[in-house]
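Line order of the protein sequences matches chains A and B. If you count the first sequence from 1, you need to add 26 to reach our numbering. If you count the second sequence from 1, you need to add 2 to reach our numbering. Step one of this worksheet: look at the structure below.
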Amino acid sequence: DTGVSQNPRHKITKRGQNVTFRCDPISEHNRLYWYRQTLGQGPEFLTYFQNEAQLEKSRLLSDRFSAERPKGSFSTLEIQRTEQGDSAMYLCATSFFPPLTGELFFGEGSRLTVL
Amino acid sequence: AQTVTQSQPEMSVQEAETVTLSCTYDTSESDYYLFWYKQPPSRQMILVIRQEAYKQQNATENRFSVNFQKAAKSFSLKISDSQLGDAAMYFCAYRANSGYALNFGKGTSLLVTP
Chain A
27 DTGVSQNPRH
37 KITKRGQNVT
47 FRCDPISEHN
57 RLYWYRQTLG
67 QGPEFLTYFQ
77 NEAQLEKSRL
87 LSDRFSAERP
97 KGSFSTLEIQ
107 RTEQGDSAMY
117 LCATSFFPPL
127 TGELFFGEGS
137 RLTVL
Chain B
3 AQTVTQSQPE
13 MSVQEAETVT
23 LSCTYDTSES
33 DYYLFWYKQP
43 PSRQMILVIR
53 QEAYKQQNAT
63 ENRFSVNFQK
73 AAKSFSLKIS
83 DSQLGDAAMY
93 FCAYRANSGY
103 ALNFGKGTSL
113 LVTP
């Protein structure tokens, strides 16, 4: 297990379509985070899980966004009825909890382009 | 809410020289972590250095060191002997010990020239 894996790396879709991103964490990490990063900005927190429980989701950008982590391993982030403003990089990060160091380990991200 | 401010959108340094990236943050917490992350073009974000707020000693990692001024809420990153591979976006981040997410600044783009 070499790190956090995200798929697909790039997704181009038409406005109104649904998209789903997958994140496979470092296996021993029990916390998983989703962030969004737009051009010229730092990552913006969306939601996080501890094992299979979604502990914070109020920062998801709208009700078109949802995330799951059904068995406490991989996670998916779904965006329904995509809009051009959803174009961004979606980052997954994982960590231990309690935090040994507080550090998050990031994947390479999934870049979404909505036409 | 905690905010992280990076006032330098872009910085440039010559190879082998030293550069300092600035970061300030706002918080009412007393126990927290501060981080500098590096994001090379089209590659994943990786941790450069970490500072626990309760530690007075500034963290160092090889060529990377920080100047942590808790009272001033300042956390700058110094890169010594800059290398071409240091070129990247650098993000300052904060997390309260009681919190769950990292809050990031907008980043500083570092260019390293030969």
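Ideal Cβ placement from N, Cα and C applies to all residues, glycine included. None of the values given here were measured: they were computed from a predicted structure.
- For valine 15(B), the enclosing beta strand (DSSP E) has its first and last residue at 12–16.
- At the C-beta level, lysine 40(B) and alanine 55(B) stay beyond 8 Å of one another.
- Under the criterion of beta carbons closer than 8 Å, lysine 75(B) and threonine 26(B) qualify as touching, at roughly 6 Å.
- For the C-beta of glutamate 82(A), the chain B residues within less than 9 Å are, from N- to C-terminus, Tyr102, Ala103.
- Straight across, the Cα-Cα distance linking threonine 127(A) with glycine 42(A) is about 41 Å.
- Within chain B, the C-beta atoms nearer than 9 Å to that of leucine 130(A) come from Phe37, Tyr39, Met47, Leu49, Ala95, Arg97, Ala103, Leu104, in chain order.
- For serine 101(A), the uninterrupted beta strand (DSSP E) segment begins and ends at 101–105.
- For secondary structure counted as the alpha helix (DSSP H) over 4 or more consecutive residues, the segment 58–112 of chain B holds no complete run.
- Note: arginine 52(B) is bridge-paired with Phe37(B) in the DSSP secondary-structure output.
- With contact defined as three or more Cβ pairs closer than 8 Å, the segment 9–21 of chain B and the segment 96–103 of chain A are not in contact.
- For glycine 107(B), the residues of chain A that pass the 7 Å Cβ criterion are Gly68, in the order they occur in the chain.
- For the options Ser67(B), Phe106(B), Ser82(B), Arg97(B), the alpha carbon positioned closest to that of valine 15(B) is the one of Ser82(B).
- Scanning its chain for C-beta atoms nearer than 8 Å, with the 5 sequence neighbours on each side dropped, one finds around glutamate 63(B) the residues Val50, Ile51, in chain order.
- Rounded to the nearest whole angstrom, the C-alpha separation of leucine 103(A) and glutamate 19(B) is 42 Å.
- Chain A has a Cβ within less than 8 Å of the Cβ of arginine 52(B).
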